[in-house]
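Participant: Under the numbering used here, the first residue of the sequence shown carries the number 39, and numbering increases by one thereafter. Positions of the beta carbon are idealized from the N, C-alpha and C atoms, including for glycine. One structure, pasted below without further comment.
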Amino acid sequence: MNASEAPVFGDPAWNQYRARVAEALTDVEADMKQRGYGLSLEGLTLEVAERLALGVATLEDFQVLEALVKTLRPIAREAVRATREELGGQFALLLL
39 MNASEAPVFG DPAWNQYRAR VAEALTDVEA DMKQRGYGLS LEGLTLEVAE
89 RLALGVATLE DFQVLEALVK TLRPIAREAV RATREELGGQ FALLLL
């Protein structure tokens, strides 16, 4: 599936899709933090697309996913921060 074909707000599958993107983004943020790297919004978008097997073959695909990643990034960063506090800096990485 291409990112531009993914569910949008109002679709029955929207909440599930948004949650999957948020989980993938949180995993990427945690992975990058552990490695001491940072990714631009574009890099995060491509990494999330890869982890979710979403196609970003066109500019529209990329822009649609990038907008969602941009919106969910603060939530992902908060999840990483909360996990770091709860687990004393230890993260469980999802290896795909």
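For F100, count neighbouring Cβ atoms within 10 angstroms of its own Cβ and tell me buried if that reaches 16, exposed if not.
Facilitator: Mapped onto the sequence shown, residue 100 falls at position 62. Result: buried.
Participant: Which of helix, strand or coil does DSSP assign to G76?
Facilitator: Residue mapping note: residue 76 aligns to position 38 of the sequence shown, counting from 1. Coil at G76, not helix or strand.
Participant: For A9, which residues in the same chain have their Cβ closer than 7 Å to its Cβ, ignoring the five residues on either side in sequence?
Facilitator: This structure gives no information on residue 9, because the portion of the chain shown stretches from 39 to 134.
Participant: Can you list, in chain order, the residues of its chain whose CB lies under 7 Å from that of V46, leaving out five sequence neighbours each side?
Facilitator: Position 8 of the sequence shown holds residue 46. W52.
Participant: With 16 other CB atoms within 10 Å as the buried threshold, where does E123 fall?
Facilitator: Locating residue 123 in the sequence shown gives position 85, counting from the first residue. Exposed, since its Cβ has fewer than 16 Cβ neighbours within 10 Å.
Participant: Could you tell me which residues DSSP puts in a beta bridge with G93?
Facilitator: Along the sequence shown, read from residue 1 onward, the residue named residue 93 stands at position 55. Answer by DSSP bridge pairing, in chain order: N40.
Participant: Rounded to whole angstroms, what is the Cα-Cα separation between R115 and V66?
Facilitator: Translated into positions along the sequence shown, residue 115 becomes position 77. Translated into positions along the sequence shown, residue 66 becomes position 28. Cα to Cα, the separation comes out at about 10 Å.
Participant: In angstroms, rounded to a whole number, what distance separates the CA positions of L110 and A60?
Facilitator: As a first step, residue 110 is located in the sequence shown; it is residue number 72 there, counting from the start. As a first step, residue 60 is located in the sequence shown; it is residue number 22 there, counting from the start. Spanning the two alpha carbons is a distance of roughly 6 Å.
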